[in-house]
Amino acid sequence: MHSEKKSRYNKMTKDLFDRIKGDKGPLGKWAEKAEGYYVFPKLEGPISNRMSFNGKKVVTWSINDYLGLANHPEVLKVDGEAALEHGMAYPMGARMMSGHTKYHEQLERECAEFVDKEAAYLVNFGYQGMVSAIDALVAKDDIIVYDMDTHACIIDGVRLHSGKRFVYKHNDMESFEKNLKRATKMAEKTGGGILVVSEGVFGMRGEQGRLKEIVALKEQYNFRLLVDDAHGFGTLGEGGKGTGFEQGVQDGIDVYFATFAKSMAGIGAFFAGDKDVIQYLQYNMRSQMFAKSLPMPMVKGALKRLDMLRTMPELKEKLWANTNALQNGLREAGFDLGTTQTCITPVFLKGDIPEAMAMVNDLRENYGVFCSIVVYPVIPKGLIILRLIPTATHTQEDIDETIAAFSGIRTKLESGVYKRMAAAIMSA
Ligand SMILES: Cc1ncc(COP(=O)(O)O)c(C=O)c1O
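Basically our numbering = 1-based index in the sequence shown + 969.
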């Protein structure tokens, strides 16, 4: 209850919420126009190539269920049985205290073996795990060198670092080496070491991180390499073992990270590396030390999914057949897919944000195609990316319909139809 009489101190500062109410942030300012449709949309029905949006069936290109495991009957069976047997709570508590089971250990052993590392440690969410792992891996005297386009979880991990950090231009090896030299000079002064962080696959544009070239520089510079392979795990390399395998440099990755939230169609993530480093993370990663461990359906479900990755190579083959058909078809139709080297399929178009909104509205409502839309401030002003994620569940019919739809919306975009529609949307 506010008292009528305010003290002197009460009047000395402005209300914390004044700023929040006045400036909703670069994305939040669109909330009124966008919420429920462009952001926070509800895709309904079983996860698949065609789901319901706004009461209509749409071809779904926005879900990272690369291998089509999300709704696979064997997966559903194991998830359901584990939930019936253990409930969603077991085990209670943090891993260190009371949240540890032989299944967590088994999953860690199997993840480590799969990616050819000595040991692995589970985390509940990739995002929090990455923030916390970076925090644990570096001390004040250490230096971080990281790619400019890395995922927010890496940026936020770097933010926690109280020492020096150097950012290099995205996938630019000249800039990387320049910053590595600066980091080396700085580390000589501080007496610390160097952590380099890259992604295996950059999720927005679909390029692979230049791991081979980064690892080659270990001959000349002393650093350790942490790789976030959220999108590479399950989709690249022999048997889906990830980008390190794809580029033949898995040994050069000192700490390997993958999430279960994409190819594994689950939740949770893991770090893998040498035994002593993983043990260090177990005892120093605050996101796991002070949070409840992964519940059993997630753990048993992940064991099942990993088994399917190992034993069903046809899933990855189908994913790539679909990826090639989609990307070749779009390129033949004259679309710019940038520099993707992976399943991630960004279609680059030009227009402002209201135009992008009108175009996506048309794509969803009239062409029955649902994909993610990326605009400023995530990418430069004037650029629109429509981002397609092919999966093993898509069909040639989905691909053909989508390419035809894209050709349709491009013609309208170029002839100014969406500019006019945008004006109507903005004044509504
Ligand atoms: C590159 C990358 N790293 C980390 C994450 C976070 O993983 P999780 O969804 O398990 O928190 C994501 C997921 O969006 C990602 O794309």
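Glycine included, every Cβ here is placed at the ideal spot set by N, Cα and C. The structure displayed is predicted, hence computed values, not measured ones.
- Cβ-Cβ distances below 6 Å link T1292 to C1312 and P1359 in the same chain, with the five nearest sequence neighbours on each side left out; the list follows chain order.
- Relative to ligand 1, D1034 has its C-beta separated by 7 Å or more from all heavy atoms.
- Looking at the backbone, the Cα of G1126 and that of F1304 are separated by about 36 Å.
- Relative to ligand 1, the nearest heavy atom lies less than 7 Å away from the CB of A1199.
- Going by beta carbons, L1205 and L1295 fall outside the 8 Å limit.
- Ranking R1128, L1272, G1385 and R1279 by CA distance to the CA of G1208 puts R1279 first.
- For Y1115, the shortest C-beta to heavy atom distance toward ligand 1 is 7 Å or greater.
- Distances between the C-beta of T1360 and the heavy atoms of ligand 1 are all 7 Å or more.
- Nearest to I1353 by alpha-carbon distance, out of A1374, A1102, P1323 and V1027, is P1323.
- Nearest C-alpha to Q1075 among L1091, M1065 and P1060: L1091.
- Taking a cut-off of 8 Å for Cβ pairs, the stretch 1061 to 1080 and the stretch 1190 to 1204 do not touch, as fewer than three such pairs fall below it.
- For P1282, the number of other beta carbons within 10 angstroms of its own is below 16, and it is reported as exposed.
- At a cut-off of 4 residues, the continuous stretches assigned as alpha helix (DSSP H) that sit fully inside the stretch 1261 to 1295 are 1265 to 1280.
- Here C1080 really is in contact with A1241; their C-beta atoms are around 6 Å apart, less than 8 Å.
- For R1333, there is no enclosing beta strand (DSSP E); the enclosing alpha helix (DSSP H) covers residues I1322 to N1335.
- Taking 8 Å as the cut-off, the Cβ atoms of N1018 and V1008 do not count as close.
- Contact annotation, K1261 with G1068: C-beta distance approximately 6 Å; criterion of less than 8 Å satisfied.
- With a cutoff of 8 Å on beta-carbon distance, M1233 and L1045 are scored as not near each other.
- Under DSSP, Q1177 takes part in a beta bridge, and its partners are V1170.
- According to the DSSP assignment, I1372 belongs to the alpha helix (DSSP H) that extends over Q1365 to E1383.
- Relative to ligand 1, even the nearest heavy atom lies 7 Å or more away from the CB of H1139.
- In terms of Cα proximity to F1339, the closest of P1010, L1263, D1220 and Y1387 is P1010.
- Around the CB of D1243, fewer than 16 other CB atoms lie within 10 Å, so the residue is classed as exposed.
- E1383 has its alpha-carbon roughly 49 Å from the corresponding atom of L1106.
- Apart from the 5 residues on each side of it in sequence, K1187 sits with its Cβ closer than 8 Å to the Cβ of L1194 and G1221 in its chain, given in chain order.
- Per DSSP, the beta bridge partners of D1305 are F1317.
- Secondary structure at F1094: coil, using DSSP grouped into helix, strand and coil.
- Looking at Y1336, D1367, P1315 and A1361, the one whose alpha-carbon comes closest to that of V1343 is P1315.
- The closest CA to that of T1119, considering only D1369, Y1336, S976 and Y1137, is found on Y1137.
- The beta carbons of A1327 and A1391 sit closer together than 8 Å.
- Runs of the alpha helix (DSSP H) lying entirely within the stretch 1126 to 1173 and spanning at least 4 residues, in chain order: 1142 to 1159.
- In this model, M1258 and Y1249 are separated by some 12 Å (Cα to Cα).
- Using a Cβ distance threshold of 8 Å, G1169 and D1141 do not count as a contacting pair.
- At a threshold of 7 Å, A1271 does not count as near ligand 1, since its beta carbon sits no closer than that to any of the ligand's heavy atoms.
- With contacts defined by Cβ atoms closer than 8 Å, K1231 and Y1035 form a contacting pair.
- Y978 carries a helical assignment under DSSP once its states are collapsed to helix, strand and coil.
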